[in-house]
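There are 2 protein chains.
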Amino acid sequence: MGSKDFFALLVSRSVEIIDREGLRRKIASRRSLRVKLGVDPTTPDLHLGHAVPLRMLRSFQDAGHQAVLIIGDFTGQIGDPSGKLAARRQLTASETKANERTYRAQIGTILDLRRTEVRRNSEWFGRMRLAEFLALLAKFPLKSAWEREDFQARLRAGRAVYLHEAMYHVLQAYDSVAVRADVELGSLDQRLNLLAGRELGSRLGRIVQDVVLLPYLIGLDGREKMSKTAGNTINLRDSARDMFGKVMSILDALIANYAALAAWLPPERVRGIERRLKAGENPRDVKIEVAEAVAERYHGAAEARRARSAFLSLFSKRERDVAMPGVTLPRRAYAPLELLVAIHAARSVSDARRLLRGGALEVDGERIVPGGRTVLIRRGSVIRVGKKRFWRVR
Amino acid sequence: MGSKDFFALLVSRSVEIIDREGLRRKIASRRSLRVKLGVDPTTPDLHLGHAVPLRMLRSFQDAGHQAVLIIGDFTGQIGDPSGKLAARRQLTASETKANERTYRAQIGTILDLRRTEVRRNSEWFGRMRLAEFLALLAKFPLKSAWEREDFQARLRAGRAVYLHEAMYHVLQAYDSVAVRADVELGSLDQRLNLLAGRELGSRLGRIVQDVVLLPYLIGLDGREKMSKTAGNTINLRDSARDMFGKVMSILDALIANYAALAAWLPPERVRGIERRLKAGENPRDVKIEVAEAVAERYHGAAEARRARSAFLSLFSKRERDVAMPGVTLPRRAYAPLELLVAIHAARSVSDARRLLRGGALEVDGERIVPGGRTVLIRRGSVIRVGKKRFWRVR
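Chains as they are written, first to last, in UniProt numbering: chain Z, 1 to 394; chain L, 1 to 394.
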């Protein structure tokens, strides 16, 4: 891909580029750019929301640039306040370390790790003295920390914001200086943090990074950004069958969005999907195609095809669809037993236990085991009990 | 002095005690308390404003308590934002070190340094790691840093506040934890910083310090707190004659205030002075008494008496007072040459230079030398040129 085409791809896949003209020139110079992406090891499971900037980083990599992946093992212990409604519990060093171990394998399904410079920010922050840090703080106005929209939202909601959280953007900014980033990638809610990196570079007379802001992936609930907290994720470690089933449960309005951000289909194919939907093609058929493309990204074509067949044989036969009763349930997470009782699929709690133990419960194509985690119920979720009983959540 | 009398003295000399009942009990326990006072070596000259908490610390010392004096050689490099209208220039380590050398001698005229635990806060902050500091920040709400009245005043005036300044109270608070302070002394504009020390002790489950807030000494301009920035100081290193002359230039309304805070006269003597003024005694006579008491505090009785005689022989003879012309001058700091020209005492600039070189210029009893510092002109200032020419500023 020529540098011109690559820049066009960047533009089409991002929400905002700062500064756009600067980045265009950097890319046209054909110099290998240092492209930074930071991830905090705050959860052991990465999901397709995390994958959006990772895919973009891979695109840079494929265009011959140097990917610099920062594992925020130091900052992860503070917790990025961006977009959060409450102060994050501070993780311990051993928690972040455990999470980090599971990261590389998951990230390796997207990035080429052999060509990636992986750094931990404890490398520089672990030995940083207070005096050095205060000198950094002197470069940042208190006002801009205070006026962050996420902080103000928390304060309006009567929740506290603590001083250490107001340091997060400073630390992330310094990461950029430490690795000499030419470009930083992040999602839209990271805007202030990434701009801080740009400003710090400029104030210290160092490299001034350009900023590529990427769209969010909306979660399975169709409302909130995909996140572990919202419990609306498709995880990188989900099986092909789970991925397929979960994509099938999204709102029709999100199909093109998932085609672009979850399946990471090329822009022209996404536009094709948009056209077909507009022309009146059955959204369900298009969704099946997107679901297969998502599963294929992470599990290969053969697995994706099998996931599709399994889904169709269970849920898609016309007769079943017609016979499927609707059930109205508050959309939230349920314990498996509780769910069986709520839809009146079991005559008693002990009956429900027996059903669970027998593997009779499936939600959106995923088998629910006894003692397993809670199940998120969404509009359109399909609940199966045994071979023949199906409910669709209204 | 009994512990009860000592507590009564504290109450009479302070503006606020937090918590008063707690401190009363601590003092009644007859345990030797650790009493903390912090000073930042941001200027080589201490003045009578600094002396107020130092005198109070001496009173604690005399009552058998342990004085802990903290030289803020680390925090001095940030600059206490309290009550400041602009971000303070950050001092270098060598500047704070140079200032610190002059401190001990000056402080030694008030405190008994042999019985004082003198600490520098670089002792703990110099080796503090970023991670430890962030753990401290997690104990403080962003809101209370933001809402500081001094910060808000600066922001309203369109001036910036930087993040490192919002750390000052955290650092001062940690000083209290580091030295296990039972009590901290400070002036009223230090209220938030001292309360932060109280809160941090409580949040860390350590000693909870009580707080004794002292009144300000108003400067020679009669308006602002005595401070180097306002240029309205009586310095600890001023000669007896300068101290005397400067006190003679204060507004009559401040006489009792100076009796209490500058001369540190016992409360009953201050009350006596208030009564005499109220009864119509000539304020000038009372002021002479207070001026002598101030000079005596720092230079002994003999020197103070000489300063008084010198002042009276120059300025106080009725005939001169009557013959002294008034001059209206904008009240500000003047270069010596400029001043001679402004009052038309010299026929030309070269004439003014000659007068200066000859030692002909005195303001408020202080000889002004050529190339010396600027001279603050106040309402009531007396300017002498040569032996016989006097002007009083209206």
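The beta-carbon is built from N, C-alpha and C at its ideal position, and this holds for glycine as well.
Chain Z contact for residue i (CB, 7 angstroms cutoff)
i                      : result
M243 of chain L        : no
residue 397 of chain L : With chain L covering 1 to 394 only, the question about residue 397 of chain L has no answer from this structure.
I377 of chain L        : no
Residue i vs residue j beta-carbon contact at 7 angstroms
i               : j               : result
V15 of chain L  : P266 of chain L : no
H299 of chain Z : A259 of chain Z : no
R394 of chain Z : D221 of chain Z : no
T374 of chain L : A335 of chain L : yes
E184 of chain L : K36 of chain L  : yes
L356 of chain Z : V385 of chain Z : no
P41 of chain L  : I71 of chain L  : yes
V327 of chain L : V179 of chain L : no
P325 of chain Z : W391 of chain Z : yes
Y162 of chain Z : A138 of chain L : yes
L134 of chain L : H164 of chain Z : yes
S32 of chain Z  : G64 of chain Z  : yes
M248 of chain Z : K287 of chain Z : yes
H47 of chain Z  : T233 of chain Z : yes
S3 of chain L   : I27 of chain L  : yes
E292 of chain Z : A304 of chain Z : yes
L213 of chain L : R191 of chain L : yes
V211 of chain Z : A262 of chain Z : no
F74 of chain Z  : F125 of chain Z : yes
T43 of chain L  : K246 of chain L : no
A256 of chain L : E274 of chain L : yes
Proximity test, Cβ basis, 7 angstroms: residue i and chain L
i               : result
M1 of chain Z   : no
A302 of chain Z : no
L192 of chain Z : no
R318 of chain Z : Legend: pLDDT at R318 of chain Z = 46, less than 50; position of this residue unreliable, no value from coordinates given.
W146 of chain Z : yes
N- and C-terminal bounds of the alpha helix (DSSP H) containing residue i
i               : result
W264 of chain L : Taken as a continuous stretch (DSSP letters only), W264 of chain L belongs to no alpha helix (DSSP H), as it is neither H nor E.
L33 of chain Z  : Per DSSP, L33 of chain Z belongs to no alpha helix (DSSP H) and is neither H nor E.
L186 of chain L : Per the sequence presented here, residue 186 of chain L reads as Gly, with Leu not at that position. Where G186 of chain L is concerned, there is no enclosing alpha helix (DSSP H), although the beta strand (DSSP E) it sits in stretches over 183–187.
I288 of chain Z : 283–311
E362 of chain L : E362 of chain L -> not in any alpha helix (DSSP H); beta strand (DSSP E) instead, spanning 361–363.
A230 of chain L : No alpha helix (DSSP H) contains A230 of chain L, which DSSP labels as neither H nor E.
V369 of chain Z : Looking at the DSSP string, V369 of chain Z is not in any alpha helix (DSSP H), and its letter there is neither H nor E.
K246 of chain L : 240–248
Q172 of chain L : 168–178
K139 of chain Z : Element bounds for K139 of chain Z: n/a, residue is neither H nor E.
R206 of chain L : First-last for R206 of chain L: undefined, no H or E at that position.
E165 of chain Z : Per DSSP, E165 of chain Z belongs to no alpha helix (DSSP H) and is neither H nor E.
Continuous beta strand (DSSP E) stretch holding residue i: start and end
i               : result
F390 of chain Z : 389–393
I17 of chain Z  : 16–18
R154 of chain L : Taken as a continuous stretch (DSSP letters only), R154 of chain L belongs to no beta strand (DSSP E), being part of the alpha helix (DSSP H) at 149–156.
R384 of chain L : 382–385
L214 of chain L : 210–214
Under 8 angstroms from the C-beta of residue i: neighbouring residues of chain Z
i               : result
K143 of chain L : L155, A160, V161
L261 of chain L : Correct list: empty, because the minimum Cβ distance to chain Z is about 33 angstroms.
R129 of chain L : G126, R127, M128, R129, L130
I151 of chain L : As written in the sequence, residue 151 of chain L is Phe, which differs from the Ile given in the question. The contacting residues are L142.
9 angstroms Cβ cut-off: residues of chain Z touching residue i
i               : result
V170 of chain L : L163
Proximity test, residue i beta-carbon vs the ligand MG heavy atom, cut-off 6 angstroms
i               : result
V375 of chain L : Because no ligand of any kind appears in the structure shown, any question about the ligand MG cannot be addressed here.
Residues that residue i contacts on chain L, provided the C-beta gap is smaller than 9 angstroms
i              : result
R24 of chain Z : Chain L residues near R24 of chain Z: none, gap ~33 angstroms exceeds 9 angstroms.
May I have a chain-ordered list of the alpha helix (DSSP H) segments no shorter than 4 residues that lie completely inside the region 50–131 of chain L?
93–108, 122–125
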